[in-house]
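Trainee: Residue numbers (our numbering), protein chains in the order written: chain R, 32 to 340; chain F, 339 to 707; chain G, 8 to 557.
Would you mind keeping the following structure in view while I ask a few things?
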Amino acid sequence: MKWITARRRHPLAGYAVVIIALALLGVGYAFVAPTADQARADTLAADAEATEVDIANGKQIFTQSCMSCHGEDGTGRTQEETGNASAWGPDLTGVGAAAVDFQVSTGRMPSMNPNAQMPRRTPVYSDQEIADLAAYVDAEFGGGPGIPEQAPGDAPERADYASEAEYEEALETYEAAYESYIAGGDTEAGMKLYMTNCAHCHSWSGAGGALTDGRWAPALTDATPRDIYEAMLTGPGAMPVFNDDVLTEGNKQSLIKFVEELDAEPNAGGPFALDRVGQVAEGFIGWTVGISLIVACAIWITAKQRAHD
Amino acid sequence: MTDNTNHHDAASGADEPRERVIGTPSAADGAATATGDPHRRHEGPYPAEETHTRSEETQRKGERIAALWFLIAFLAGVGFFVSYFSFPPNADGDPSVADPGIAQLANVLLGGTLTLSLFAIGAGMTVWARQVLPHYEVSSPYDELPSSKEEKGSFSEFFMRGANESGFTKRPLMRRTLLLAMAPLGLAPIVLLRDTGPLPKDTLKSTTWEDGLHMVVEGTDRRITAADLDEVGSMVTALPESHDPEHGLSMNEQAKTVILLIKMDPQDFGPDMTQQQLDWTHDGIVAYSKICTHVGCPAALYERTTHRILCPCHQSTFDAANGAEVVFGPAHRPLPQLPVRVDDEGYLVAAGDFSAPVGPTFWDAGVED
Amino acid sequence: MSDNQAPPAPKALRGVGNFIDDRFHLAKTGEKNLRKVFPNHWSFMLGEIALYSFIILLLTGVFLTLWFNPSMAHTVYDGSYERLRGVGMSEAYASTLHITFDVRGGLLIRQIHHWAALIFVASLVIHMLRVFFTGAFRKPREINWLIGVAIFTLAIVEGLFGYSLPDDLPSGMGVRIFQGVLLSIPLIGTYLSFFMFGGEFPGEMIIPRLYMLHILLIPGILLALIAAHFMILWHQKHTQYPGKGRTEKKVVGTPMFPAFAIKAGGFFFFTFAVITGLAGFVQINPIHLFGPFTPTSITSGLQPDWYMGFLEGSLRMFPNWFDFDIGGYAIITGVLVPGLGFMGLLFGGLAAWPFVEAWITGDRRVHNVADRPRNAPVRTAFGVAGITFYGVCWLAGSNDILSHVFQINLYATTWFFRIFLILGPILAFIIAKRICLGLQRRDRETLEHGYESGTITQLPGGEFVEVHKKSSGETVHVLESAKGKDYTPEPTVDANGVESPASRKPMGRLRSRLAHWYTKDNVSFDGVEPHTGHHLHHGTHAEKEKVGQH
């Protein structure tokens, strides 16, 4: 501290403090700012070929994790019925397998607090378990849209495979399916459909955006093609429904192609893309980094000099 | 000076001569202190007593540092050219800047070398100014303001004599006719702007929507049936079908005719919907203009749970279940509603034009002609 | 100076010099101008940032015009950027893609141009704030202040139009909002819009017209204004901060030649380097990712560049409660007040301030020594209140981003900003004024008693005190600049106690009341002599008393 005490009246001390403060602000921002793509690997759960579904297992999962809020018969329960302000759930009659798959595979369900919008999380159940659960809900409470199997879901995970070779093979299959699905769409139609029906909530970059009452449209950056497809089919939360009659399978494929390609594209303008937030972030950087660096140079140029140095 | 000057000066106050800031000459040290060496010749353009030449050693060190910076600038400048020629333009196969990943690399290399080069020149010049040049602060008088009485008087007299001689003040007929002659010329540029655009007339009050015109999904141009839109909570952006499939709708037509087609439970329509507005819906399918009545952004954030339509620009919020009334934000009036019906084949068609002028509210938007 | 002779000028230089002087008789004027003095302080360089970024804008702008095609004609993209191949768009957008992906360095220059624009307007703002808070706009520099306000206004318009040119999604929406605001003007709004756009929105004329304004008319006017600004500065000489030898009659600083020229040159390279550094590493306005404009699409988080943010925010905040109809004709205050009123308030207020202040204080003297902000507390407080007002509008322009990032209710943010728009400036005014007065008191204390040296000494009585030392002559000069602020030019009451006729009129009464309010809280420095206080010596009366008590 003596070092600081001795220098705190130095003519440059004030500037030094300002620069340090700004630097800390910048570093702090860098830490706080969410990093893109970090969650991709996390959320891509194993995509075991769901050939066989075990409805009995699905029922068991439902009884364990869903019934307390959605009711034994799946017609939903209110807060009065459960006697718990943070335990209630909507009617599942006719929601279909796609809705279950979307909610559970993105980790939004089971929810700890149905009063708040659920963010995307690591799923609680494995792909097989989710398939079982979806089949049970579909069979028991009446069918809605089924799982769009043609759209690739989560990438395989090493943990779900006995050997490295099996995993490699599964991954290769998955990637081939992903590539061919993405390649199948038409960018112009996809862009048009995304811009007119999605971007007003999810933003041009897929980063999401604000809705009313504290809700938000989630980012699409971590969403798999199947997630996007299922969300359009089922309209989770406040989101409207875009069924296959309005936007056909091909339309949806084009739209998903646009989203995934835009998200995967490197930022030509520079390694710091400011999370593609756009103008607000640019203005912030212009003021904090740009102006303060130039002013720092001005300070160097005009700093007072002592007589005999 | 700045607020922290007093800290600094306060600190140096104890032994003033040694730490004295340059540019505050004191009587005690004249030319001797200033030049450092009383016997050295003074060659600078400014008085020796205001000049503080640096020691030869400092100057030499400064020169070396500055030269180092300039060398860095040179090398970075060469690096800029190398970077430039490493990325051939729109070549197929080669590392082309058309690929975003390579474009980023090229941008970083070009920008980085240029930055370094520019910064190094700046740094070199700063070192030059601060270590090689002597330091001096000279003084110079500000202009006396205003001019002296004599100067002013002389000017005034001269000017008035001239003005009188010109006759401008004395001969009103000439002066006034000249001003008269100027008036039409001055207006000419404004009149010439008349043809920059047509008069608005009533163009803003109607669109090309008419009874029986099919609605198509924007982006796919496919007709929609009421059965397609059967699920409650559905929404899609739609346009009128183009009479000219080759070119589609013009931008101007799109900007006025675009609608949000929303399917809701007919039970959900609120009490503020008039009977006419309800008649304009079909089995819970309602169509509103997508263009916000505030300043014209597409208002499109439809929340199926609250039936709110939110405009992302300035957050005007409209209630889709109540005739798109404004429930929050700055918009002046509801979104115009488009009457919907189905044709014989079950396709959704318009049953007429919008209920009100589309787009940003203008002052006679609510006036019927 | 002396008998020493400077080395003779080299022959070539002498030749050129003689050539010019033979034709212009410039030797004397030239020397006088090269001897021009510029006071040294970093805050005097802020205007230079604006000048240099304007030069960078001109250079990069010329480069961009070599390829940019300001046409709204429809085309199908077939350039090198793969993702958008086959997509329909305007020529303007396609040519911007061409600059980005087919012209080497085109992306860098585009980004430099955009960053330089952000820095240009930002530096105008901080330069203007420096001039405002130091009172450098006072006589004789009011005209240069007005020119500055005009430059600021035009720079914002210039930026908006430039932002609109590439015809990408956000840029087209900016034009849409501009048209919406035009339409809201009573009586002539629809006509203005139709003339501007050559018909309905979007038409095919607006980009070519904005292009002409952006690259020819407005930069031309800006260039002329900047030249005038600089010539006036050159003629009147720069203001300076108070200090030893720095008086209203005499400016002290670095002469233009050679030292200041080298420093200013170096600073140009620094400014250019920082802007280029941003352009090389930080992506800005990625129009290729936004996609082309269509009037039917919109994105969430839509924002203008920062300098339009306050307008965007005011449009978001201002409710429709005050809209009214006259015989069915709508007066849309919800657009007019924030869209045009706030602009008028900002620029009109800035332009009027020097004259308002001179009228209130009655101070019509020439000022060459800048005020320390604390010594003009009401002005400083006004400035801080203005910054707060602007800042709230500005922040409100990003309320959707704030709502999304911090997960706050969107409407709650709007309400917060609505309330804070009124409360914030009032609070800021009070707080800033208090701080100024506190600093004034500390200054008087320092002037009278010297400064706290940081050295702690134990008194014979056992008490620890901080030793006060004499401030340097420089500091004394700076502190004494607070004297003579409370300036009453003409007495409102003459020797016989009769009020002057002017001050008896309502405006005169208002003026004298305002003048009183303007200065009444200032800490008086009258009769304060440097280092006459008692803290300077140990064991003075007061301290002995204290010691005795404990």
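Note that the Cβ used here is the ideal one computed from N, Cα and C, for glycine as well.
Please list, in chain order, all residues of the same chain as residue 253 (chain G) whose beta carbon is under 8 Å from its beta carbon, the five residues on each side excluded.
Mentor: Correct list, in chain order: 46, 247, 259, 376 and 484.
Trainee: Report the option in F:473, F:602, F:408 and F:693 whose CA atom is closest to the CA atom of residue 262 (chain G).
Mentor: Comparing Cα-Cα distances from residue 262 (chain G) to each of F:473, F:602, F:408 and F:693, the minimum goes to F:473.
Trainee: Between the alpha carbons of residue 410 (chain G) and residue 150 (chain R), how many angstroms are there, rounded?
Mentor: If I take the Cα positions, the gap works out to 15 Å.
Trainee: Which same chain residues end up closer than 6 Å to residue 362 (chain F) when comparing Cβ atoms and leaving out the 5 residues on each side of it in sequence?
Mentor: With a pLDDT of only 43 at residue 362 (chain F), under the threshold of 50, the placement of this residue in the model should not be trusted; the figure read from the coordinates follows. Around residue 362 (chain F): no qualifying Cβ.
Trainee: Does the Cβ-Cβ distance between residue 131 (chain G) and residue 150 (chain G) come in under 9 Å?
Mentor: Against a cut-off of 9 Å, the Cβ pair of residue 150 (chain G) and residue 131 (chain G) comes out as no contact.
Trainee: Relative to the alpha-carbon of residue 566 (chain F), which residue among F:601, F:466, F:542 and F:539 has its alpha-carbon at the smallest distance?
Mentor: The candidate whose alpha carbon is nearest that of residue 566 (chain F) is F:601.
Trainee: How big is the Cα-Cα spacing for residue 439 (chain G) and residue 248 (chain R)?
Mentor: Whole-angstrom Cα-Cα distance: 40 Å.
Trainee: Relative to the C-alpha of residue 519 (chain G), which candidate in G:332, G:433 and G:364 has its C-alpha closest?
Mentor: Minimum Cα distance to residue 519 (chain G) is reached at G:364.
Trainee: Using Cβ-Cβ distances below 9 Å, what residues of the region 96-129 of chain R are close to chain F?
Mentor: So the list is empty, because no residue satisfies the distance condition.
Trainee: Is DSSP giving residue 554 (chain F) helix, strand or coil here?
Mentor: Residue 554 (chain F): strand per DSSP, three-state reduction.
Trainee: Name, in chain order, the residues that DSSP records as bridge partners for residue 442 (chain F).
Mentor: Answer by DSSP bridge pairing: none, since residue 442 (chain F) is not bridged.
Trainee: What residues from chain R crowd round residue 277 (chain G), counting only those whose CB sits closer than 7 Å?
Mentor: Those within 7 Å of residue 277 (chain G) in chain R are 325 and 328.
Trainee: If we require 4 or more residues per run, which alpha helix (DSSP H) segments fall completely within the region 308-388 of chain G?
Mentor: Whole alpha helix (DSSP H) segments, 4+ residues: 316-324, 340-343 and 349-368.
Trainee: Quick check on residue 16 (chain G): does DSSP put it in helix, strand or coil?
Mentor: Correct three-state label for residue 16 (chain G): coil.
Trainee: Tell whether a beta-carbon distance below 9 Å holds between residue 422 (chain G) and residue 317 (chain G).
Mentor: No. Outside cutoff.
Trainee: Rounded to a whole number of angstroms, what is the C-alpha to C-alpha distance between residue 569 (chain F) and residue 111 (chain G)?
Mentor: Each residue's Cα considered, the two are about 51 Å apart.
Trainee: Whole angstroms is fine: what's the gap from residue 94 (chain R)'s alpha carbon to residue 173 (chain G)'s?
Mentor: Computed Cα separation, rounded: 57 Å.
Trainee: For residue 183 (chain R), which of R:284, R:237 and R:153 has the nearest alpha-carbon?
Mentor: Selected option, being the one with the closest Cα: R:284.
Trainee: Please identify the residue among F:643, F:580, F:676 and F:576 whose C-alpha is closest to the C-alpha of residue 617 (chain F).
Mentor: Closest option to residue 617 (chain F), Cα to Cα, is F:676.
Trainee: Within 10 angstroms of its Cβ, does residue 106 (chain R) collect 16 or more other Cβ (buried), or is it exposed?
Mentor: Its Cβ having fewer than 16 others within 10 Å, residue 106 (chain R) is exposed.
Trainee: Chain G partners of residue 279 (chain R), CB-CB under 8 Å?
Mentor: Going along chain G, no residue has its Cβ under 8 Å from residue 279 (chain R), so there is no contact; the nearest lies around 20 Å.
Trainee: Going along the chain, which residues of its own chain have a beta-carbon closer than 8 Å to the beta-carbon of residue 632 (chain F), five neighbours each way excluded?
Mentor: These residues qualify, in order along the chain: 649, 651, 652, 654, 667, 668, 669, 670, 698 and 699.
Trainee: Hey, out of G:517, G:33 and G:387, whose CA is closest to residue 138 (chain G)'s CA?
Mentor: Residue G:387 is the option with its Cα nearest to residue 138 (chain G).
Trainee: I'd like the list of long-range same chain contacts for residue 260 (chain R), defined as Cβ closer than 7 Å, with 5 residues on each side in sequence excluded.
Mentor: Closer than 7 Å at the Cβ level, and outside the excluded window around residue 260 (chain R), lie 179, 182, 283 and 287.
Trainee: Using Cβ-Cβ distances below 7 Å, what residues of the region 580-607 of chain F are close to chain R?
Mentor: Answer set for the region 580-607 of chain F: empty.
Trainee: Is it right to say residue 32 (chain G) is buried, meaning 16 or more other beta carbons lie within 10 angstroms of its own, or is it exposed?
Mentor: Counting Cβ neighbours within 10 Å, residue 32 (chain G) comes out exposed, since fewer than 16 surround it.
Trainee: For residue 160 (chain R), which beta-bridge partners are listed by DSSP?
Mentor: According to DSSP, which records beta bridges pairwise, residue 160 (chain R) is partnered with nothing at all.
Trainee: Per DSSP, residue 627 (chain F) is paired with what?
Mentor: Residue 627 (chain F) is bridged to F:597.
Trainee: By DSSP, does residue 435 (chain F) sit in helix, in strand, or in coil?
Mentor: The answer is coil: DSSP assigns residue 435 (chain F) none of H, G, I, E or B.
Trainee: Residue 253 (chain G) by DSSP, collapsed to three states: which one?
Mentor: Looking at residue 253 (chain G) - three-state DSSP - the assignment turns out to be strand.
Trainee: Anything in chain R within Cβ reach of residue 270 (chain G), meaning under 7 Å, just list it in chain order.
Mentor: Ordered by position in chain R, the residues that pass the 7 Å Cβ test against residue 270 (chain G) are 332.
Trainee: Mapping the DSSP letters down to three states, classify residue 487 (chain F) as helix, strand or coil.
Mentor: Helix, per DSSP.
Trainee: What does the alpha-carbon distance come out to for the pair residue 514 (chain G) and residue 232 (chain G)?
Mentor: Using only the alpha carbons, I get a separation of about 35 Å.
Trainee: Measure the beta-carbon distance from residue 243 (chain G) to residue 147 (chain G) and round it to whole angstroms, keeping in mind my assumption that it falls under 8 Å.
Mentor: With a Cβ gap of about 6 Å, residue 243 (chain G) and residue 147 (chain G) count as contacting.
Trainee: According to the neighbour-count rule (16 or more other Cβ atoms, all chains shown, within 10 Å of its Cβ), is residue 85 (chain G) buried or exposed?
Mentor: By the neighbour-count rule (16 or more Cβ atoms within 10 Å), residue 85 (chain G) is not buried but exposed.
Trainee: If you reduce the DSSP assignment to three classes, tell me which class residue 639 (chain F) lands in.
Mentor: Three-state DSSP puts residue 639 (chain F) in a strand.
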